[in-house]
Structures are given as structure tokens and as C-alpha cells.
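Counting from 29, one number per residue, gives the positions in the sequence shown under the working numbering. Below is one structure, written out as C-alpha cells; comments come after it.
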Amino acid sequence: MMFMETNTATNATSSLSSVTLEVADIEAARHFYRAFGVDTYIRLRASDDLPGTGFRAFTLALTVSGPATVDGFVAAAVEAGATVLKPAVKSLWGYGGVVQAPDGTIWKVATSAKKDTGPATREIDEVVLLIGVQDVKATKQFYADHGLTVGKSFGGKYAEFTPGGSDPVKLALYKRRALAKDLGVADDDSSAHHVVLGSTGHAFTDPDGFAWEPTASTDTDRA
């Protein structure tokens with residue numbers, strides 16, 4: 029049996045304040061993310077390195093109200109140039125699908141509802157940056173030591189952190205191999221992360237190589 033640990037502390041000194049995607053073509057990426065409908069949740073930064081084809085060990089996951097809304101977001105992404113990695117289907121947990129943006133970022137769109145209770149909307153209930161790590165417990169402790177507050181934790185399988193009041197994206201951890209399987213991609217190590225996490229605190233790099241920078245110091249464009 030898997031037991032869930034909770035932490036109700038509210039005095040975190042740091043949190044995930046922004047997510048910056050490194051892209052080869054900012055204008056093309058901006059066009060895609062506006063069409064997809066997620067431009068207010070991310071920032072963009074030009075990268076001198078062309079994105080690799082390997083697994084970047086993270087995904088951005090959208091939670092929406094129902095299957096029709098999932099289909100709407102997936103269709104908008106595909107029309108704007110995304111590739112479908114996993115078609116939207118029903119599962120034990122609800123309904124969802126996975127797409128890869130032209131810049132290489134993988135997005136998951138899902139709902140816990142298996143049937144619609146209303147018409148499709150363009151509303152997003154939650155956005156989670158889910159990063160794949162080698163050791164969930166160790167990385168969870170690393171982030172706690174850097175001032176983030178653990179919200180939920182399922183042993184060494186999954187952990188999430190309490191977002192700040194105005195933070196648009198929640199941070200969560202998942203086993204790297206399990207994340208790759210869930211997204212329908214191979215767990216290779218041939219690509220850099222191509223994402224920068226904005227911190228309300230100081231700069232640091234986590235055990236899996238994800239870089240954090242103070243949000244005020246990041247040189248980025250809004251999508």
C-alpha cells in the first residue's frame with residue numbers, strides 16, 4: 029500500500045515563480061503557444077543550441093474540466109504544429125493525451141472526468157511542471173532544504189510542492205523512467221533540459237541538472 033505524506037507548512041522561503049522554455053525561434057514559439065492557449069503560463073528564451081531529440085526529462089501538464097476540453101486543447105496544438113505522442117483516450121485516471129510542441133517541449137492535457145458535464149471551454153484548471161528525477165525522495169529533500177514547501181508526497185514515486193499565491197505553475201517530481209513511459213517516449217539522455225525554473229529565492233541547480241534563477245534576473249520574453 030502506498031501512503032501519502034502531507035506537509036501543511038506555509039512559511040516557504042522559495043517557490044517556482046516562472047517557467048522559461050529555451051527555444052531556437054522565439055517568434056515561432058510565441059505563435060504556437062498563443063494558438064495552443066498556454067502563453068500566459070510560460071516565458072521564452074532564445075537558445076544558441078538547437079534542441080536535441082532526446083527526452084528532456086520534464087513535461088508541462090494541463091488539468092482541464094472534461095474530455096471535450098482536452099480534445100479542444102490537443103486539436104489547437106496539432107493545428108499550430110504539434111506532434112501527437114499519445115492520442116487522447118480514456119484511462120483508469122480519466123481522459124488525456126500528450127503532444128510535443130515544435131520547439132520540442134512535451135505537453136500533457138488531461139482531466140479526471142471520463143464524461144463531459146458541459147460544453148468544451150478554453151479554461152485551464154491547473155498547470156504543473158512535472159520533472160523526471162532519478163531519486164524522488166532525495167530531490168524532494170533537496171528542494172525542501174532550498175525553501176520549497178512539500179504539499180503531497182507518495183513515497184519515492186511522486187512529490188509536489190505548494191505554489192506561492194501568485195505562482196502560475198505548480199512544481200512536481202516523478203521518477204524519470206516512469207515519466208518517459210507515461211509520455212510515450214524513450215528514456216534516453218541525449219538532450220539538455222532546455223528549461224529554466226524561476227525562483228523567488230536564489231540561484232541553484234538541482235541534483236538532476238535543472239537550473240533555477242531568480243525570476244527578476246532572467247532575460248526572457250513573455251510568450
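Using N, Cα and C, we set each Cβ at its ideal position, and we do this for glycine too.
Original post:
So A275 is in the beta strand (DSSP E); what residue range does that whole segment cover?
Top reply: Nothing in the structure corresponds to residue 275, since the chain is present only between 29 and 251.
**OP:** Just mark M32 as buried or exposed, buried being the case when its beta carbon has 16 or more other beta carbons within 10 Å.
**Re:** Legend: pLDDT at M32 = 41, less than 50; position of this residue unreliable, no value from coordinates given.
Subject >> Close beta carbons around K185, own chain, < 8 Å, minus the five adjacent residues each side >> reply: For K185, the CB contacts under 8 Å within the same chain, skipping 5 residues up- and downstream, are M30, V164, Y202, K203, A206 in chain order.
Original post:
When burial is assigned at 16 or more other CB atoms within 10 Å of the CB, is L49 buried or exposed?
Top reply: Under this definition L49 is a buried residue.
Subject >> Bounding residues of the beta strand (DSSP E) (the contiguous stretch that carries Q162) >> reply: First-last for Q162: undefined, no H or E at that position.
Original post:
Under three-state DSSP, which class holds L176?
Top reply: coil
Original post:
Whose C-beta lies closer than 6 Å to the C-beta of V213 among residues of the same chain, with five residues either side of it excluded?
Top reply: F83
**OP:** Enumerate, from N- to C-terminal direction, the unbroken alpha helix (DSSP H) stretches of 4 or more residues contained entirely within the segment 166-236.
**Re:** Complete alpha helix (DSSP H) runs here, min 4: 204-211.
**OP:** State the Cα-Cα distance for the pair P196 and Y69, rounded to the nearest angstrom.
**Re:** 6 Å
Subject >> Straight-line gap, S194 to S45 (C-alpha atoms, nearest Å) >> reply: 8 Å
Original post:
Of the choices P242, A138, K143, whose alpha-carbon is the least far from that of I152?
Top reply: A138
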